[in-house]
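Undergrad: Okay, handing you the structure first.
Following this line, the structure appears as structure tokens:
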């Protein structure tokens, strides 16, 4: 199961890289064309916008899996272990609730915009809102798995919220360069 999940998230990382590359190429190409030839591709703005939206939302899924979202764990880790579990569970329940709101709201917008299309590319506009549905559903699953890891597999809160020492060293090395 771990291999499947790692493969899935590796696929998400590859998609993020593809969307970033496409966005950079399209925007750069459009800037050059407008500056040199006073013409540009109208459709490139819409595709770049869609790439940016999915880049952000897929990045949020990856950050949720790696516990990289904003979390003030200094206070949480000073609590006794029982209180840590309670607070961590409450945080995960709040995340599930908020992502449920995001997913249901996105679903409503998808249904509302089923027949709308963008002007230049004629892509369906609900593709924008589908990113919210995808992100909400994925983060709900991640939060449920976090709760299962806490109670079923008895993984301490310290391990669930902390970044490994190897990752800390990589971040320090990256920020020093």
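In this note's numbering, the protein residues as written are 138 to 314.
Idealized CB from N, CA, C, for every residue including glycine.
#1: Using beta-carbon positions only, say whether residue 188 and residue 159 come within less than 8 Å of one another.
#2: Can you give me the start and stop residues for the alpha helix (DSSP H) that residue 186 sits inside?
#3: What's the gap between the Cα of residue 296 and the Cα of residue 286?
#4: Find out if the Cβ-Cβ distance for the pair residue 298, residue 204 is shorter than 8 Å.
#5: Throw me the rounded Cβ distance for the residue 276 and residue 232 pair, which I believe falls under 8 Å.
#6: Measure the alpha-carbon distance for residue 157 versus residue 192 and round it to whole angstroms.
#7: Name, in chain order, the residues that DSSP records as bridge partners for residue 261.
#8: How big is the Cα-Cα spacing for residue 225 and residue 294?
#9: Looking at C-beta atoms only, is the number of pairs between the region 165 to 184 and the region 235 to 249 that lie closer than 8 Å three or more?
TA: With the structure as the only source:
#1: yes
#2: 179 to 202
#3: 10 Å
#4: yes
#5: 7 Å
#6: 7 Å
#7: 254
#8: 7 Å
#9: no
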